[in-house]
Amino acid sequence: MAVVTIENLNKSFGAFNAVDNLNLKTEDGEFVVLVGPSGCGKTTTMRMIAGLEGSTSGSISFDGEDVTDQTPSERDVAMVFQSYALYPHLTVYENMAFCLKVRKWTKDKIDVQVRKTAKALDIEALLERKPAALSGGQRQRVALGRAIVREPRIFLMDEPLSNLDAKLRIEMRAEIVKLCRRLKITTFYVTHDQLEALTMGHRIVVMRGGIAQQIDTPQNIYDTPVNRFVAGFIGSPPMNFIDVTIENGALVAPGVRLLPQGSVGEALRPRSGKVVAGVRPEHLAPVVGDVESGSGTIRGRIELIEPLGSQIMIQISVGDSLVSAQFERGPVVEVGKDIVLEHRPNSIHAFDSVSERSIL
Ligand code: ATP
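Note that our numbering has the sequence shown beginning at 2, numbered continuously upward.
The structure is reproduced here in structure tokens:
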């Protein structure tokens, strides 16, 4: 376990800033997820924490000890990467025992530790097999086992599930979270999958162009994104953005009348002019019966209907733009028909048209 403190961390490749002034302090045993589009600096950050990549400036410390200039082995971190290369000629047991042997552990101590870890990961039955005789999920479990068998101070995982199919990913996601909670190892986990970030992290670091846009709990990032990028990146299907004009506290455009409330409503009241409104598809549903005067609505024509089991997703055209809505199956909807959608109270976001920052 360790508290990781990252201060003013930068990494440049020539004139290009891959990581730009990152600041983050973890809790002991915290699970931190780095998420963002390809090339945003996630892997570079992980490599700097691991000691595989030097920083251009800034510092990293573990439990108050500055490790910025330490080698990877001095830092005592374990890593699982996308290509979880197991030694093909060694059994699962030998793969897991390997790093303990290198550390000159006794045979008995190694045996106890390998079996204890195998039990935690439910791979005891696989110990005598070679990697070629394992399924993708089993191999992934062994890779995790090999990383945690020596009980590192910090655990780094870079897209460890990307080679697995969708169902297995979901299973392994839950397993990894449970395992890390049980072992209370401070973990950094990289993904470009926003859903993985939302479900796994105590806290999420949303990165873009080397800059941490927002570092917060999954709930806060979903509820109060700091800017349009975070709002659009986190949440699926993505948030709808609509160019609107502020009129007496309402946000209006042809076919659109949104009623922001709470802190967004208050922040907009003294303003006028144009902003970008944001509303999540899951916060829109068809009006049943008559439209009440106090409801915020979007009117448009249904262009697409996607059944999702218990819910459906529709896309409607509103002026020149498309707006998505996702709701419980029930109201009859038909392609080509007009529809009025109503937004939930307190569900409207607003972003400055130029800076793209949230107006709160
Ligand atoms: P992905 O999700 O695609 O793995 P990432 O967020 O992990 O992306 P990084 O691998 O950290 O991104 O790369 C960040 C940026 O730094 C990218 O634009 C990449 O091209 C650049 N970069 C990374 N390593 C080097 C290097 N050794 N030399 C030059 N540029 C590099």
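Glycine included, each C-beta is placed from N, C-alpha and C at the ideal position.
With C-beta atoms as the reference, is Ile317 less than 8 Å away from Arg330?
One-based indexing of the sequence shown puts residue 317 at position 316. One-based indexing of the sequence shown puts residue 330 at position 329. The beta carbons of Ile317 and Arg330 sit no closer together than 8 Å.
For Leu25, which residues from the same chain have a beta carbon less than 8 Å from its beta carbon, with the 5 sequence-adjacent residues on both sides left out?
On the sequence shown, position 24 is the one that residue 25 refers to. Close CB contacts of Leu25 within its chain, under the 8 Å cut and outside five residues either way in sequence, are with Val5, Thr6, Ile7, Val33, Val206, Ala213, Ile216 (chain order).
Quick check: does the Cβ of Ser237 come within less than 7 Å of any heavy atom belonging to the ligand ATP?
Your numbering for residue 237 matches position 236 in the sequence shown. Every heavy atom of the ligand ATP is 7 Å or more from the Cβ of Ser237, so no.
Could you give the distance in angstroms between the alpha-carbon of Ser163 and the alpha-carbon of Gly137?
What you label residue 163 is simply residue 162 of the sequence shown in a count that begins at 1. What you label residue 137 is simply residue 136 of the sequence shown in a count that begins at 1. Per the coordinates, the alpha-carbon of Ser163 lies some 11 Å from the alpha-carbon of Gly137.
The ligand ATP and Ser39: does the residue's C-beta get closer than 7 Å to at least one heavy atom of that ligand?
The residue given as residue 39 occupies position 38 in the sequence shown. Yes, Cβ of Ser39 sits closer than 7 Å to a heavy atom of the ligand ATP.
Is Val276 closer than 8 Å to Ile360 when the C-beta atoms are compared?
Against the sequence shown, residue 360 aligns to sequence position 359. Against the sequence shown, residue 276 aligns to sequence position 275. Cβ atoms of Ile360 and Val276: closer than 8 Å.
Closest Cα partner of Met158 within the set Val93, Val78, Lys185
Looking up residue 158 in the sequence shown gives position 157. Residue nearest to Met158 within the set Val93, Val78, Lys185 is Val78 (criterion: CA-CA distance).
Cutting at 6 Å between CB atoms, please list the residues of its own chain near Arg427, excluding the five before and the five after it.
Residue 427 lies beyond the range of the chain shown here (2 to 361); nothing can be said about it.
Kindly identify the DSSP beta-bridge partner or partners of Phe242.
Position 241 of the sequence shown, counted from the first residue, corresponds to residue 242. In the DSSP output, where bridge partners are listed per residue, Phe242 has Gly279.
Go to Gly137, then tell me how far its alpha helix (DSSP H) extends in each direction, as first and last residue.
Stepping through the sequence shown from its first residue, residue 137 is reached at position 136. Element bounds for Gly137: 137-149.
Could you give the C-beta distance for Asp29 and Thr188, rounded to a whole number, given that I count them as a contact under 8 Å?
Position 28 of the sequence shown, counting from 1, holds the residue named residue 29. Position 187 of the sequence shown, counting from 1, holds the residue named residue 188. The distance from the Cβ of Asp29 to that of Thr188 is about 11 Å, inconsistent with a contact at the 8 Å cut-off.
Under 8 Å between the Cβ atoms of Pro219 and Gly202?
Taking the first residue of the sequence shown as position 1, residue 219 is located at position 218. Taking the first residue of the sequence shown as position 1, residue 202 is located at position 201. Yes. Within cutoff.
Kindly confirm or deny that the segment 43-52 and the segment 100-113 touch, where touching means at least three C-beta pairs closer than 8 Å.
Too few Cβ pairs lie closer than 8 Å, so no.
Going by the CB atoms, is the gap between Glu357 and Gln327 shorter than 8 Å?
Within the sequence shown, numbered from 1, the residue matching residue 327 stands at position 326. Within the sequence shown, numbered from 1, the residue matching residue 357 stands at position 356. Not in contact: Gln327 and Glu357 (Cβ atoms no closer than 8 Å).
Please name the residue in Leu309, Val334, Leu269, Ala175 whose C-alpha comes closest to that of Ser237.
Position 236 of the sequence shown, counted from the first residue, corresponds to residue 237. Of Leu309, Val334, Leu269, Ala175, the smallest CA-CA separation from Ser237 is found for Leu309.
Tell me whether the beta-carbon of Leu145 lies closer than 8 Å to the beta-carbon of Val81.
Translated into positions along the sequence shown, residue 145 becomes position 144. Translated into positions along the sequence shown, residue 81 becomes position 80. Leu145 is a Cβ neighbour of Val81, given a cutoff of 8 Å.
Scan the segment 153-188 and note each continuous alpha helix (DSSP H) run of 4 residues or more that stays entirely inside, going in chain order.
With a minimum length of 4 residues, the continuous alpha helix (DSSP H) runs that stay inside the segment 153-188 are 167-184.
Can you round the beta-carbon distance between Ala119 and Leu128 to whole angstroms, since I take them to be within the 8 Å contact cut?
For the purposes of this step, residue 119 is identified with residue 118 of the sequence shown, where counting begins at 1. For the purposes of this step, residue 128 is identified with residue 127 of the sequence shown, where counting begins at 1. With a Cβ gap of about 6 Å, Ala119 and Leu128 count as contacting.
Is there a Cβ from chain B that is less than 8 Å from the Cβ of Gly210?
As a matter of chain content, chain B is missing from the structure shown, which is built from one protein chain.
Does the segment 241-255 touch the segment 264-281, meaning 3 or more C-beta pairs lie closer than 8 Å?
Contact check between the segment 264-281 and the segment 241-255: three or more CB pairs, one atom from each, fall below 8 Å, which counts as touching.
Got a sec: does the ligand ATP put a non-hydrogen atom nearer than 7 Å to the Cβ of Gly42?
Residue 42 sits at position 41 when you count from the first residue of the sequence shown. Yes - the ligand ATP has a heavy atom lying nearer than 7 Å to the Cβ of Gly42.
Ile299 and Ser273 look like a contact to me (Cβ under 8 Å); what is the Cβ gap, rounded to whole Å?
Sequence index remark: in the sequence shown, residue 299 carries index 298 (1-based). Sequence index remark: in the sequence shown, residue 273 carries index 272 (1-based). Contact flag wrong, Cβ pair sits at about 22 Å.
Between Ser322 and the rest of its own chain, which residues show a CB-CB distance below 6 Å, the 5 nearest in sequence each way excluded?
Counting from one through the sequence shown, the residue named residue 322 turns up at place 321. Excluding positions up to five away in sequence, the list is empty.
Under a three-way DSSP split, which group does Met49 fall into?
On the sequence shown, residue 49 is found 48 positions in, with the first residue counted as 1. Three-state result, Met49: helix.
I'd like to check one pair, Ile235 with Leu199: are the Cβ atoms closer than 8 Å?
For the purposes of this step, residue 199 is taken as residue 198 along the sequence shown, with counting starting at 1. For the purposes of this step, residue 235 is taken as residue 234 along the sequence shown, with counting starting at 1. Contact flag set, yes.
With Arg104 as the anchor, note down where its beta strand (DSSP E) starts and where it stops.
Stepping through the sequence shown from its first residue, residue 104 is reached at position 103. Per DSSP, Arg104 is not a residue of any beta strand (DSSP E), being assigned neither H nor E.
For Asp217, which of helix, strand or coil comes out of DSSP?
Your numbering for residue 217 matches position 216 in the sequence shown. Three-state result, Asp217: strand.
The alpha helix (DSSP H) that contains Leu269, what's its start and end?
Mapped onto the sequence shown, residue 269 falls at position 268. For Leu269, the uninterrupted alpha helix (DSSP H) run begins and ends at 263-269, by DSSP.
Please confirm whether Val150 and Ile124 have their CB atoms less than 8 Å apart.
On the sequence shown, position 149 is the one that residue 150 refers to. On the sequence shown, position 123 is the one that residue 124 refers to. Contact: no.
So is the beta-carbon of Thr45 under 7 Å away from any non-hydrogen atom of the ligand ATP?
Numbered from its first residue, the sequence shown carries residue 45 at position 44. Yes; taking the cut-off as 7 Å, the Cβ of Thr45 has a heavy atom of the ligand ATP nearer than that.
I want to check one thing, is the minimum distance from the CB of Ala326 to the heavy atoms of the ligand ATP below 7 Å?
Within the sequence shown, residue 326 is the residue found at index 325, counting from 1. The answer is no for Ala326.
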